[in-house]
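Visitor:
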Amino acid sequence: MSPSKLAALHEPGAIALSGAQSRIITAALDLFARHGVGGTSLQMIADEIGVTKAAVYHQYKTKDEIVLAAAEAELARLQAVIEAAEAEPPRKRRDALVTGIVDLAVDRRRTVGTILRDPLIVGFFADHAAFRDVMHRQRRLLTGGEPGPEGHVRTAMLIAAISGAVTHPFVVDLDDDVLRGQLLRLARRFLGLSP
Numbered sequence: 240m241s242p243s244k245l246a247a248l249h250e251p252g253a254i255a256l257s258g259a260q261s262r263i264i265t266a267a268l269d270l271f272a273r274h275g276v277g278g279t280s281l282q283m284i285a286d287e288i289g290v291t292k293a294a295v296y297h298q299y300k301t302k303d304e305i306v307l308a309a310a311e312a313e314l315a316r317l318q319a320v321i322e323a324a325e326a327e328p329p330r331k332r333r334d335a336l337v338t339g340i341v342d343l344a345v346d347r348r349r350t351v352g353t354i355l356r357d358p359l360i361v362g363f364f365a366d367h368a369a370f371r372d373v374m375h376r377q378r379r380l381l382t383g384g385e386p387g388p389e390g391h392v393r394t395a396m397l398i399a400a401i402s403g404a405v406t407h408p409f410v411v412d413l414d415d416d417v418l419r420g421q422l423l424r425l426a427r428r429f430l431g432l433s434p
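First residue of the sequence shown: 240, per our numbering; consecutive thereafter.
1) Secondary structure at Glu313, three-state DSSP: helix, strand or coil?
2) Look at the Cβ atom of Ala267, then the Cβ atom of Ala309, and state whether they are nearer than 7 Å.
3) I'd like the list of long-range same chain contacts for Gln298, defined as Cβ closer than 7 Å, with 5 residues on each side in sequence excluded.
4) Taking one C-beta from the stretch 405-425 and one from the stretch 335-349 each time, how about it: are there three or more such pairs within less than 8 Å?
5) Taking all protein chains shown into account, decide if Ala324 is buried (16 or more other Cβ within 10 angstroms of its Cβ) or exposed.
6) Just curious, the alpha helix (DSSP H) that Asp269 is in, first and last residue?
7) Helix, strand or coil: how does DSSP classify Pro328 here?
8) Are Val345 and Arg419 touching if we call contact CB-CB under 7 Å?
9) Does the distance from the CB of Asp357 to the CB of Val276 come in under 7 Å?
10) Looking at C-alpha atoms only, which residue of Gln377, Asp372 and His367 is the closest neighbour of Arg332?
11) At 4 residues or longer, what runs of the alpha helix (DSSP H) sit wholly inside the stretch 343-369?
12) Measuring alpha carbon to alpha carbon, tell me which of Gly289, Ala293, Val290 and Val306 ends up nearest Thr279.
Right, here's the structure in full:
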C-alpha cells in the first residue's frame, strides 16, 4: 500500500486504541524488532497474543494498517513529550524536551527502531501533517526558534544521534540507566545546556 493510501486511512493527530488494538500493536512492535516488518506476518502477531488470525483481522484488515497504527502510536508519544516540554517555563523547555526524547528513545530502543526505518513509514510521515507539525515544534524548542539551515541541521543531528545511539551495537549491552545518563549528558553538551 502506498503512503498516500495509508494517509487516507487515518486522520492526522493522536489515535485512540482499544485494548485489543493496543495488544496487537505491542505484539507487532516486539515481532518487528525481532524479525523486521517484512518478516512479520498477521499469523505471527495472532500467535504472539494467543488469538486467531480472524481476531486480528477484526481490528486491522492488513499488516500495513498495523504498521501505520504502531507508527502513529509512537508519534503520539513524541507529541506528548513535546506538549509536556512546552508547558514548562521557557528556560526549562529545551532540557525538558531533551530529557523526554532521551527517555522515549531508551525506553523504546528495542522495538521502535525497526518500524521507524521502514520505507512505508518514512514515506507516510513525509506527507503526514501531524508529523510535520511535531517536527516543527520539536525543532523550535531545541533551537530556540533558530531559523534556517543551521536550525534544521542541528535538530537533525541531535535526533539522529540519539535515535542511532540507542540501537547501535556498541551500546546494546549497556544498562538503560547508564545509556540514558550518557545520552542526556552529551545531548545537553551539544545544545550548550548546563547539566
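Note that CB positions come from ideal geometry on N, CA and C, so glycine has one too.
Quick caveat: nothing in here was measured; it's all calculated off a predicted structure.
Guide: Inspection of the coordinates gives the following:
1) helix
2) yes
3) Ala259, Gln260 and Ile263
4) Judged by pairs of C-beta atoms under 8 Å, the stretch 405-425 touches the stretch 335-349, as three or more such pairs exist.
5) Only buried fits Ala324, as 16 or more other CB atoms lie within 10 angstroms of its CB.
6) Gly258 to His274
7) coil
8) It is a contact, given that the beta carbons lie within the stated cut-off.
9) yes
10) Gln377
11) 351-355 and 358-365
12) Val306
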